[in-house]
Amino acid sequence: MTAFKPLVFSGVQPTGNLHLGNYLGAIKKFVALQDTSDCIYCVVDLHSLTAQLVHEDLKDQTRAITAAFLASGIDPRKHIVFNQSRVMQHAELAWIFNCVARIGWMNRMTQFKDKAGKDRENASLGLLAYPSLMAADILVYRATHVPVGDDQKQHLELTRDIAQKFNNDFSDRIAGLGVGVEMKVGEETVNGFFPLTEPIIGGPAARIMSLRDGSKKMSKSDPSDLSRINLTDDADSISKKIRKAKTDPEALPGELDGLAGRPEAENLVGIYAGLAEISKEAVLKEFGGQQFSVFKPALADLAVEKLAPVAGEMRRISGDRAYVDAVLSDGGERAGLLAEATMKTVRDIIGLLQG
Ligand code: TYM
Numbered sequence: 001m002t003a004f005k006p007l008v009f010s011g012v013q014p015t016g017n018l019h020l021g022n023y024l025g026a027i028k029k030f031v032a033l034q035d036t037s038d039c040i041y042c043v044v045d046l047h048s049l050t051a052q053l054v055h056e057d058l059k060d061q062t063r064a065i066t067a068a069f070l071a072s073g074i075d076p077r078k079h080i081v082f083n084q085s086r087v088m089q090h091a092e093l094a095w096i097f098n099c100v101a102r103i104g105w106m107n108r109m110t111q112f113k114d115k116a117g118k119d120r121e122n123a124s125l126g127l128l129a130y131p132s133l134m135a136a137d138i139l140v141y142r143a144t145h146v147p148v149g150d151d152q153k154q155h156l157e158l159t160r161d162i163a164q165k166f167n168n169d170f171s172d173r174i175a176g177l178g179v180g181v182e183m184k185v186g187e188e189t190v191n192g193f194f195p196l197t198e199p200i201i202g203g204p205a206a207r208i209m210s211l212r213d214g215s216k217k218m219s220k221s222d223p224s225d226l227s228r229i230n231l232t233d234d235a236d237s238i239s240k241k242i243r244k245a246k247t248d249p250e251a252l253p254g255e256l257d258g259l260a261g262r263p264e265a266e267n268l269v270g271i272y273a274g275l276a277e278i279s280k281e282a283v284l285k286e287f288g289g290q291q292f293s294v295f296k297p298a299l300a301d302l303a304v305e306k307l308a309p310v311a312g313e314m315r316r317i318s319g320d321r322a323y324v325d326a327v328l329s330d331g332g333e334r335a336g337l338l339a340e341a342t343m344k345t346v347r348d349i350i351g352l353l354q355g
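Numbered per the UniProt record's numbering, the sequence shown spans residues 1 to 355.
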């Protein structure tokens with residue numbers, strides 16, 4: 001039985017500063033996966049148009065995210081780093097997926113509801129179709145694994161739904177052309193062209209919350225800069241933001257159960273665990289019974305120790321624009337070859353006249 005070759009894909013939008021949530025929830029995982037899998041990491045510039053069509057500095061934002069990937073330790077020679085718009089096959093497959101997916105599926109996406117707000121009729125069609133492009137990003141490489149933060153879970157479920165519907169709708173053609181791969185779906189073994197991609201979500205930092213409000217996710221778009229730690233923050237700002245982080249008056253508990261109903265405390269413990277690469281339980285073992293006046297300075301020291309070298313590397317790499325551009329251009333070429341190989345078969349499956 002043939003199987004899909006394990007391949008990791010993930011993307012980050014070039015909008016605003018990268019923050020600790022992006023770093024712990026996604027980029028650190030990208031780095032770790034390089035040792036065990038082939039990886040493709042993409043700066044998804046076309047997705048960023050759904051939030052803001054006219055950008056002053058999209059090119060520089062794209063370079064900044066690339067610099068963050070490289071500064072964190074992603075190796076662009078062993079793996080692939082590029083920006084989405086260089087590989088037009090993403091947009092081509094997204095169009096086909098727009099015809100596979102149903103409007104109802106898109107309407108149910110919580111991120112669409114949040115971003116569109118009350119005036120949904122006035123949201124761009126791109127915002128509604130966003131998950132279709134995301135599915136295309138992943139499936140144009142027939143990627144099997146996608147490391148992301150918890151907020152992308154629903155989009156990845158939709159990616160599986162799209163893959164499954166494509167595989168079903170075209171099952172006879174896929175079998176006729178002999179391009180299917182066998183895979184397990186529940187108890188059944190089915191034959192499909194696209195894999196049902198597995199999300200890689202989890203660990204103590206899958207959902208980092210705002211430092212000002214433990215019920216809101218840490219986000220690039222929060223108006224308060226005190227709500228997040230940016231990857232470009234210097235040591236003083238990092239310490240200040242942790243010192244000012246909202247907490248409650250209780251000491252830290254010794255066990256996980258004691259964090260129930262204490263979202264701010266749980267968040268800081270999760271951040272410590274993510275940075276130190278240990279479990280939340282292990283953090284509580286060390287700090288259980290301590291006040292925040294003890295825990296916060298320890299967390300600030302750890303955050304500075306782990307983040308300052310990344311920020312320094314980011315500055316150094318950003319200064320070498322020619323290098324960053326060369327990485328993206330080389331990555332784009334290699335990604336383009338893989339994507340075109342998939343699309344040739346997709347066009348055949350659909351019956352588009354080509355060649
Ligand atoms: P984006 O650019 O919003 O975020 C990049 C990554 O950071 C994670 N993340 C977080 N993780 C933990 N806590 C947080 N507070 C937090 N905030 C963000 C996100 O989950 C993400 O992994 N739709 C995607 C980009 C995308 C993509 C793809 C991802 C486009 N195509 C294909 C994977 C595969 C997004 O907007 O991520």
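From the three backbone atoms N, C-alpha and C, an ideal C-beta is built for every residue, glycine too.
Note that the coordinates shown come from a computational prediction; the quantities given were computed from them, not determined experimentally.
Q354 and A101 have their alpha carbons spaced roughly 24 Å apart. Separation of K285 and M218 (C-alpha to C-alpha, rounded to the nearest whole angstrom) is 26 Å.
With 16 or more other CB atoms across the displayed protein chains lying within 10 angstroms of its CB, K28 is buried.
In terms of Cβ geometry, I229 and V146 do not form a close pair [threshold 8 Å]. Note on T110: under 16 other CB atoms within 10 angstroms of its CB, so exposed under the neighbour-count rule. For H145, the pairing in a beta bridge is given by DSSP as V8, E198.
Per DSSP, reduced to three states, the secondary structure at G192 is strand. A residue is called buried when at least 16 other Cβ atoms come within 10 angstroms of its Cβ; R321 does not meet this threshold and is exposed. Within its own chain, the residues whose Cβ lies closer than 6 Å to the Cβ of P14, once the five positions on either side in sequence are excluded, are V43, D45, S48, Q61, T62, I65, listed in chain order.
For the 8 Å CB-CB criterion, I238 and A67 do not form a contact.
Between the ligand TYM and the CB of F295, the shortest heavy atom gap is not smaller than 7 Å.
The criterion of a C-beta distance shorter than 8 Å is satisfied by T50 and Y130. In this structure, K217 has its beta carbon less than 7 Å from a heavy atom of the ligand TYM.
If the five residues before and after A300 are omitted, its C-beta is found closer than 8 Å to the C-beta atoms of I238, S239, I242, R243, all from its own chain and listed in chain order. Residue range 125-139 is occupied by the alpha helix (DSSP H) that includes I138. Secondary structure remark: continuous alpha helix (DSSP H) runs of at least 4 residues inside the segment 11-54, in chain order: 28-33, 45-48. For F82, the enclosing beta strand (DSSP E) begins and ends at 80-83. Unbroken beta strand (DSSP E) stretches of 3 residues or longer found wholly inside the segment 194-246: 198-200, given in chain order.
In the DSSP assignment, M183 falls within the beta strand (DSSP E) that extends over 181-185. If you draw a straight line from the Cα of A143 to the Cα of F292, it comes to about 43 Å.
The DSSP-derived three-state label of R334 is helix. From the listed residues D236, P309, G149, the smallest Cα separation to A205 is found for G149.
By the Cβ-count criterion, S132 is buried, with 16 or more other Cβ atoms from all chains shown falling within 10 Å of its own Cβ. In terms of Cβ geometry, L259 and E266 form a close pair [threshold 8 Å]. The segment 322-341 and the segment 87-95 touch, with no fewer than 3 CB-CB distances between them shorter than 8 Å. Here G180 is buried, its C-beta having at least 16 other C-beta atoms within 10 Å.
Looking only at G11, Q52, F30, the smallest Cα-Cα distance to A123 is reached by Q52.
Annotation: the continuous alpha helix (DSSP H) that includes I271 extends over 263-276. Rounded to whole angstroms, F82 and A136 show a C-alpha spacing of 15 Å.
A straight line joining the alpha-carbon of N168 with that of G192 spans about 8 Å. For F170, there is no enclosing alpha helix (DSSP H), as DSSP gives it neither H nor E. Runs of the beta strand (DSSP E) lying entirely within the segment 280-346 and spanning at least 3 residues: none are present. In the structure shown, A64 adopts helical secondary structure according to DSSP, grouped into three states. Not one heavy atom of the ligand TYM lies closer than 7 Å to the C-beta of H79. Residue burial is scored here from C-beta neighbours: L177 has fewer than 16 other C-beta atoms within 10 angstroms and is therefore classed as exposed.
In the structure shown, the three-state DSSP call for M88 is coil.
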